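Engineer: So the protein lines, in turn, are chains P and X.
Taking the numbering used here, the leading residue of the first sequence gets 567, the next gets one more, and so forth.
Taking the numbering used here, the leading residue of the second sequence gets 567, the next gets one more, and so forth.
Virtual Cβ for every residue (Gly too), placed ideally from N, Cα, C.
Because the structure is a prediction, the values reported are computed rather than measured.
Protein chains: 2
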Amino acid sequence: MKRLFLIAALVGAAPALADEGMWTYNNFPSAKVKEKFGFDPSQAWLDKVRLSSARMAGGCSASFVSPNGLVMTNHHCARGCIEQLSGAKKDYIANGFYAKTAAEETQCPAMELNQLVQITDVTATLNKATQGLTGKAYNDTLKAKMSELEQTCSAGDAKVRCDVVTLYQGGQYNLYKYRRFQDVRLVMAPEHAIAFFGGDPDNFEFPRYDLDVTFLRVYEDGKPAQMDHYFKWSDKSVKEGDLTFISGHPGRTSRKLTIAELEYQRDVAMPKQLFLMSELRGMVTEFQKRGPEQKRISNNLLFGVENGLKAIKGRLEALQDKTFFAQKVAAEQELRKKVESNPEMKKKYGAAWDEIAKAEAQFVHVRKDLAYMEGGSGLSSSLFSIAKTLVRASEELPKENGERLREYSQAGLPALQANLFSQAPIYPELEILRLSFGLTKMREELGSNHPFVKKVLGKESPDKLAARLVKGTKLCVLKDVKGSKVCDVSVRKSLFDGGKAAIAASKDPMIQLALLVDGDARTIRKHVEENIDAVIKKNSELVAQAKFDTYGTNQYPDATFTLRLSYGSVKGYMEDGKQVAPITQMAGTFEHATGEDPFALPPSWLKSEKLIDGTTAMNMVTTNDIIGGNSGSPVINKDGEIVGLVFDGNIQSLGGEYGFDEASNRAVSVHSDAIIESLKKIYGATRVLEELRPGSTHVPPAKANPAG
Amino acid sequence: MKRLFLIAALVGAAPALADEGMWTYNNFPSAKVKEKFGFDPSQAWLDKVRLSSARMAGGCSASFVSPNGLVMTNHHCARGCIEQLSGAKKDYIANGFYAKTAAEETQCPAMELNQLVQITDVTATLNKATQGLTGKAYNDTLKAKMSELEQTCSAGDAKVRCDVVTLYQGGQYNLYKYRRFQDVRLVMAPEHAIAFFGGDPDNFEFPRYDLDVTFLRVYEDGKPAQMDHYFKWSDKSVKEGDLTFISGHPGRTSRKLTIAELEYQRDVAMPKQLFLMSELRGMVTEFQKRGPEQKRISNNLLFGVENGLKAIKGRLEALQDKTFFAQKVAAEQELRKKVESNPEMKKKYGAAWDEIAKAEAQFVHVRKDLAYMEGGSGLSSSLFSIAKTLVRASEELPKENGERLREYSQAGLPALQANLFSQAPIYPELEILRLSFGLTKMREELGSNHPFVKKVLGKESPDKLAARLVKGTKLCVLKDVKGSKVCDVSVRKSLFDGGKAAIAASKDPMIQLALLVDGDARTIRKHVEENIDAVIKKNSELVAQAKFDTYGTNQYPDATFTLRLSYGSVKGYMEDGKQVAPITQMAGTFEHATGEDPFALPPSWLKSEKLIDGTTAMNMVTTNDIIGGNSGSPVINKDGEIVGLVFDGNIQSLGGEYGFDEASNRAVSVHSDAIIESLKKIYGATRVLEELRPGSTHVPPAKANPAG
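#1: According to DSSP, simplified to helix, strand and coil, what is X:Glu1207?
#2: I'd like the span of the alpha helix (DSSP H) that includes P:Gln735, first residue to last.
#3: Exposed or buried, which one is P:Pro1276 when buried takes at least 16 other CB atoms within 10 Å?
#4: How would you write the range of the beta strand (DSSP E) that X:Leu1131 sits in, first residue to last?
#5: Taking only beta-carbon positions, decide if P:Arg1009 is within less than 8 Å of chain X.
#6: What is the DSSP secondary structure of X:Asp1099, counted as helix, strand or coil?
#7: So that I know if they touch, is there some Cβ in chain A lying closer than 8 Å to that of X:Leu840?
#8: So which of P:Thr1150, P:Leu1108, P:Gln1151 has the shortest CA-CA distance to P:Trp919?
#9: Evaluate X:Arg616 with the Cβ neighbour count: other Cβ atoms within 10 Å of its Cβ, from every protein chain shown; 16 or more gives buried, anything less gives exposed.
#10: Return the chain-ordered ranges of every beta strand (DSSP E) run that is complete within the segment 649-695 of chain X and spans a minimum of 3 residues.
#11: Just the Cα atoms here: how many angstroms apart are X:Thr700 and X:Ala1100?
#12: Does DSSP put X:Asp526 in a helix, in a strand, or in coil?
#13: Measure the beta-carbon distance from P:Tyr744 to P:Val730 and round it to whole angstroms, keeping in mind my assumption that it falls under 8 Å.
#14: Within this structure, are the beta carbons of P:Leu885 and P:Arg818 separated by less than 8 Å?
#15: Is the Cβ-Cβ distance between P:Lys1025 and X:Glu1162 less than 8 Å?
#16: Between the Cα of X:Val1287 and the Cα atoms of X:Lys1059, X:Leu809, X:Arg1058, X:Met939, which residue gives the shortest distance?
#17: Note down, one range per segment and in chain order, each alpha helix (DSSP H) of at least 4 residues found wholly within the segment 1108-1190 of chain X.
#18: Is there a Cβ of chain P sitting closer than 8 Å to that of X:Pro767, yes or no?
#19: Considering only residues of the same chain and omitting the five flanking positions on each side of P:Lys1037, which have a CB-CB separation below 7 Å?
#20: For P:Pro909, report the span of its alpha helix (DSSP H) as first-last.
#21: Quick check: is the beta carbon of X:Thr851 nearer than 8 Å to any beta carbon in chain P?
#22: Reducing DSSP to helix, strand and coil, say where P:His795 ends up.
#23: Closest Cβ-Cβ distance between P:Glu1026 and chain X: below 8 Å?
#24: Candidates X:Ser720, X:Val1236, X:Ala759: which alpha carbon is nearest X:Phe1165's?
#25: Of all the residues that make up the segment 1160-1183 of chain X, which are near chain P by a beta-carbon distance shorter than 7 Å?
#26: Mind checking the segment 638-658 of chain P against chain X and listing, in chain order, the residues whose C-beta falls within less than 9 Å of any C-beta there?
#27: I want to verify the contact list: residues of chain X whose CB lies under 8 Å from the CB of P:Asp833, in sequence order.
#28: Whole angstroms is fine: what's the gap from X:Asn1185's alpha carbon to X:Arg774's?
#29: Going straight from the alpha carbon of X:Val683 to that of X:Ser629, what length do you get?
#30: What whole-angstrom Cβ distance do X:Leu777 and X:Cys647 have, given they're in contact under 8 Å?
#31: Tell me the residue span of the alpha helix (DSSP H) that contains X:Lys1048.
#32: Helix, strand or coil for P:Phe781? Go by DSSP, reduced to three states.
#33: Spell out the partners DSSP gives X:Lys743 in its beta bridges.
#34: Among the residues of its own chain, which have a CB less than 7 Å from the CB of P:Glu827, if the five just before and after it don't count?
#35: Which residues of the segment 1018-1050 of chain P have a Cβ closer than 8 Å to any Cβ of chain X? Give them in chain order.
#36: If the cut-off is 8 Å on Cβ atoms, which residues from the segment 922-944 of chain P count as contacting chain X, listed in chain order?
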């Protein structure tokens, strides 16, 4: 595949023509959209779209699609829930799920949805607080002030979540206030075989034929939540050339990083991550051969690893592209030259790039320690994470809010507790594999003589230690509830409520390990935060301000898993000298089926082939600027109606981490027509259909499911 | 670990002071050794050392250590044989092996040793033949002339092997004539646990405590081969500061590659290889958990993968070191500037670097096709390789010698047949894993729509196809011989003897697959050989000649798995600011034991701890310049006597692929004293001891084995 990285606008200046940008809702370039597409999104339009959009706390996007709290997202965004609700004898991943009645809608053990209700600019407040500070003082003050703002905002209401969001690498700070939905139930999911048709080989590719959709419902006080704002379903099929908006939560881009930061990503961070993930992939692939239940419980992990591998490889290739990287270097040099030529700017910003480079160079020496002692690379176990959270909560919660580690601040507590007390099952066999793998890597990367390695392993092997810890802990006692496994979390609750005394008295081996390593973990984290992160943050703020001063404020910030709006249109592209059409048809799905996983269609599709209109649009590509985290985002038209559902980007879009190339960077979506056609003719999901398009079905709800 | 790459001499000029160089025997810098160490190796000395050295065709080094054909090498070099001779009930890898009588010495199913008996410079002959030629004509002529020289040299004698060796990237061609030993028997091997004590975590590290030794014996006509030349065992323990020589077969270095070639290695080849190997490592690690027999049959593969991973990661880090790479760039620029400033040189050599760069850029576009269609990345199966060899032999052997693919030339036939008819067992379960893995990668890398992928997979999944092929082929029918599995190779023999007709009539699925893909495989190979390799070869010759013209001929060529001699001394080094002592003691082995693999000592060691003199030297480091392939090389003193056995390099030595840094680059060896002490007190291997040091044992051979 030939990859082009001819970036329209690499520096801060707003792109002139390209459909570039993951725009914040308080800085959307409506004028630009009007100029190119003749449609001028009003503030009311923007507000409505924002309030109809949803964030999935686990790292995806979604949308409200009915007044009764119906939510649409991707199957791969709800996989965790679908898998958790499954058991050896009712495999919803393999067979799909459909709640024929409201009573059958089943709660996801660990899912939270957020709706962005307010954005407030708090840049001035924070800048004033940290003025003149550096290092530890800067870091402590910034952290304390952020926690204070968040606490004031949420005011102890567990239904509210407030985050101070760092935008433009610190050039701007906004306070985002969310309404939280913690009772999320599964309504309808197709079979994995069609949701992820083509599997890893076709992931990030186009043409595609996936029905990567799942419907959920948010509940409040045991009843479907009533939504003032939601997206209606469009009656008109979106076509080539039509204007499209995508409202969602791109997770991260690195378009505004300095060259030193990009070099670190290219030469150290990404290769190391890829080696680790490749090995884990091989291990889990082979683990799946232990048996069907092992396959079932590890599918989600394997999907995540494979998806991540392909995404990171794409990003690495982008940075290894010499022409592209040279453009990045030239853009930085141009900005630095402008700064140098202006005495006032030079004084304020001139040293920032070299300071960041020095901090990056220092980080290389401690990155392994940080990853294995404080990060999750070595003690790579959900059970250990729970133990660590319990140990730290007992230390942190008695402290003043502003003095706590960031993730234990008052505003974040409801989310932390929701996570901590989630009953989502943790399977010992897979957990041992993951932990043993992490311990082996820890010994390999830090060396068998590293004091931390000796402390953790003692005279045990990674396999033996992992097995002893996982089998010995009571942090998840698996029990059967209606044929599904869930964790009994009573031990977690009593340890959390019991605080320091309970933790100290605990004989649980995971708690004891978390206690054993906590001092070392805190030490390395503190070192990095105060001596490296603080330097990078402070100087990144300066670089951002230099860009504002030089190129103006009509820019979008790098993605930060906060709500963004992008605009574009349905449009094909050239690949290897051939034109790729922007829309595929349902008939193509059958043509590509081989009968063998991952190209095997589920029985429901095979038996419905003749019922389906093969010319129905299946998947499509649009020029919208998106990135990982946008999965599950609604594609809407200018009337704010659903015309599609983002589920991927093409392989060329992976370089979007570092810059947008309108020539070939494409968002890949399920066309709304395919969703309707399959709900109607394959799944007979009349309840859902009726809710999406009231009056569109003529079958009484009672016998709504001809296929089931 | 801090890594320094301050290279004494990056360009062609001979290093002034450092113990750098893997010298050919016909260009050894005796004068330089004399200047630094006061010893002047004579031609007779060099001849004796050369003839006492041995090459293991599988990719290691060895030495003759008695007049009766006793051979010393590493345990890890003989692993393949030890594993092949083992069975579920007699695991020589785990328990070691000792032939108490001559009759118990057991033939290795697939091992060949070579002794270098003659070197002839054929540069002028080849240059004359290819003068003025380029592309296909250059390639065909070079290949034909090489085959002709080799055939004339070996003259049909199966006991002789002749190779035209390309040195200095084509600056020189030498004809190497070897005496072949194909009957190699296992004499004594310690347990894997002590041979590879510390396992992968300690691999490429120092201090070390490994007894990585194995004794073999070469036979001729069913009797121990009588050797005119062999190394005597030194009576004197080698000590810090002593002069040491290492004679062995470094596999490959890339010190003289151009920047374009190094960049390709750094940015494409090595990362891709590491991703692949990491994944395979994870898979095999988990495969080992299927059971003890699966662990046993896959240990060798896992060792190879882990060893390779660590080695390549070290090399990649070297090339990613900015200071080091800048030195390489500067050296090339210096040479190019000299060439540019001399009109005659400019005309002859000026374009060479850019031509190589262009060819490398082209190669990027076809590397995947080459790797998966002709290379072994996709059809990664020993059984497929055998099928491919049979199919190609039927095509190639009827051709004129000069027109055949290189590996089917007359001179190479004995080695090819030895390989093809080796009875070394191939285990279906592991074979299916390897092949399925390769097929999955092929689909992933080439894409599921690639015509070759479609041709190979059809509508089958990689797992299913791999299982069908491996279970269906008769190219290795496993049978039991004295408790070991071996392949019945009669089908291979009849297909080989039956030629094209037999191949065409074969219903064997591996043969049919090999036939199916052979056209595509040949096409891509031919394309690369004629349009890319030929350009690189031709222009590399020019670069080499430019170096000779500029810096003189007192240089050593890059390693090419041909016999080299390096000099140096026993010497510690600085690491992370601490001095590392050059010699460890046997007592340290016990101190580092944890009881858990890979730090678990075998029972024989545990029960002999008190018998051993703990102050006996165990492992040591020397400044000799070596690289992978040198494993098993003898370390000798100026009297040409054994003082150690190379088994590794330290982690800093991995950058030796691209340049030698005497400050920290070290060869790691088993000290000869540890070999004697353990043969005597742990293994009671009196037969071997008596042969190494006649008269040194006073126990009659009949009750020679107190431990066994």
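Structural biologist: Short version:
#1: Look at X:Glu1207 here: in three-state DSSP terms it is strand.
#2: Taken as a continuous stretch (DSSP letters only), P:Gln735 belongs to no alpha helix (DSSP H), as it is neither H nor E.
#3: Since the first and last residues shown for chain P are 567 and 1274, residue 1276 of chain P lies out of range.
#4: 1130-1135
#5: Closer than 8 Å to some Cβ of chain X, the Cβ of P:Arg1009 qualifies, so yes.
#6: helix
#7: Chain labels in this structure do not include chain A; the protein chains are P and X.
#8: P:Leu1108
#9: buried
#10: Taking 3 residues as the shortest admissible run, the segment 649-695 of chain X contains the following complete beta strand (DSSP E) segments, listed from N- to C-terminal end: 679-687.
#11: 7 Å
#12: Nothing about residue 526 of chain X can be reported from this structure: the residues present for chain X run from 567 to 1274 only.
#13: So it is not a contact: roughly 13 Å between Cβ atoms.
#14: no
#15: yes
#16: The question about residue 1287 of chain X has no answer, for chain X in this structure spans 567 to 1274.
#17: Fully enclosed alpha helix (DSSP H) runs of 4 or longer: 1152-1157, 1169-1174.
#18: yes
#19: Pro994
#20: 909-915
#21: Yes, its Cβ sits closer than 8 Å to a Cβ of chain P.
#22: coil
#23: yes
#24: If we check each option's Cα against that of X:Phe1165, X:Ala759 comes out closest.
#25: Listed in sequence order: Thr1160, Gly1161, Glu1162, Asp1163.
#26: Only those residues of the segment 638-658 of chain P whose C-beta falls short of 9 Å from the nearest C-beta of chain X would be listed, and there are none.
#27: Gln886
#28: 6 Å
#29: Taking the straight line from one Cα to the other gives about 14 Å.
#30: In fact, because the Cβ distance is near 18 Å, the residues do not count as touching under 8 Å.
#31: Unbroken run through X:Lys1048: none, as it is neither H nor E.
#32: If DSSP states are grouped into helix, strand and coil, P:Phe781 belongs with the strands.
#33: Note: X:Lys743 sits in a beta bridge opposite X:Gln684, X:Cys728.
#34: Ile922, Glu926
#35: Lys1025, Glu1026, Ser1027, Lys1030
#36: none
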